[in-house]
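Structure, as structure tokens:
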Amino acid sequence: MDLSDELIEALLKTAKKARENAFCPFSGFPVGAAVLTTRGKIFSGCNIENVSFGLTICAERVAIFKALSEGERDFLALAISASKVVPPCGACLQVLSQFVSSLQKFLIISSDEEGKFQRWTLAQLFPCPFDDL
Ligand code: ZN
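Residue 113 in the numbering used here sits at position 110 of the sequence shown, with consecutive numbering throughout.
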């Protein structure tokens, strides 16, 4: 499924809005994310840091887990908003890979504050996910 420009814009806008809620006193690097499900729903997330650093969670996984907790199980695209264009980390890519029908078709769009953006497929960023299912 090709995503319309309007849908991509809505995803980026949702990610940017979610970034406002980031809790990142340690890194000072707020990130917002938005994930699009195959049922057409959008879920957002922001990074949430903890004084016990290992408990920190990325914006991407917050968005994905929110969607999963609402019964969603298949995703089409992910948008990220940060001060610079960044791909998801490896942990988020692994989580994502478990809930997409096609690594080749899943789209990841990352945007900075000036609207500069980059897009990848999940296959480009994470060609060999762990899978024992
Ligand atoms: Zn991550």
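Every residue, glycine too, gets a C-beta built ideally from N, C-alpha and C. All values derive from a computational prediction rather than experimental measurement.
Could you give the first and the last residue of the continuous beta strand (DSSP E) run that contains residue 121?
In the sequence shown, counting from the first residue as 1, residue 121 sits at position 118. Counting along the chain, the beta strand (DSSP E) containing residue 121 begins and ends at 120 to 124.
Is the stretch 90 to 98 touching the stretch 48 to 55, taking contact as three or more C-beta pairs under 8 Å?
Not touching, per the Cβ criterion.
Are at least three pairs of beta-carbons, each pair with one atom in the stretch 26 to 42 and one in the stretch 61 to 81, less than 8 Å apart?
Under the three-pair Cβ rule at 8 Å, the stretch 26 to 42 counts as touching the stretch 61 to 81.
Could you tell me whether any non-hydrogen atom of ligand 2 is closer than 7 Å to the CB of residue 91?
Of the ligands this structure carries, namely ligand 1, none is ligand 2.
Give me whichever residues DSSP pairs with residue 41 in a beta bridge.
Your numbering for residue 41 matches position 38 in the sequence shown. Note: residue 41 sits in no beta bridge, so no partner.
Quick one: what's got a C-beta closer than 8 Å to residue 124's C-beta in the same chain, skipping five residues either side?
Counting from one through the sequence shown, the residue named residue 124 turns up at place 121. Within the same chain, and ignoring the five residues on either side of residue 124 in sequence, the residues whose Cβ sits closer than 8 Å to its Cβ are 106, 107, 108, 109, 110, 111.
Can you look up residue 72 in the DSSP assignment and give me helix, strand or coil?
The count along the sequence shown starts at 1 and reaches residue 72 at position 69. Looking at residue 72 - three-state DSSP - the assignment turns out to be helix.
In this structure, how does DSSP classify residue 131 when only helix, strand and coil are distinguished?
Walking along the sequence shown from the start, residue 131 turns up at place 128. In this structure, DSSP gives residue 131 a state outside helix and strand, which the three-state scheme calls coil.
If you draw a straight line from the alpha carbon of residue 83 to that of residue 130, how long is it in whole angstroms?
In the sequence shown, counting from the first residue as 1, residue 83 sits at position 80. In the sequence shown, counting from the first residue as 1, residue 130 sits at position 127. Each residue's Cα considered, the two are about 20 Å apart.
Straight-line Cα distance separating residue 135 from residue 23
Translated into positions along the sequence shown, residue 23 becomes position 20. Translated into positions along the sequence shown, residue 135 becomes position 132. Rounded to the nearest angstrom, the two C-alpha atoms are 37 Å apart.
Within this structure, are the beta carbons of residue 113 and residue 89 separated by less than 8 Å?
The sequence position of residue 113 within the sequence shown is 110, counting from 1. The sequence position of residue 89 within the sequence shown is 86, counting from 1. Yes, they are a contact pair.
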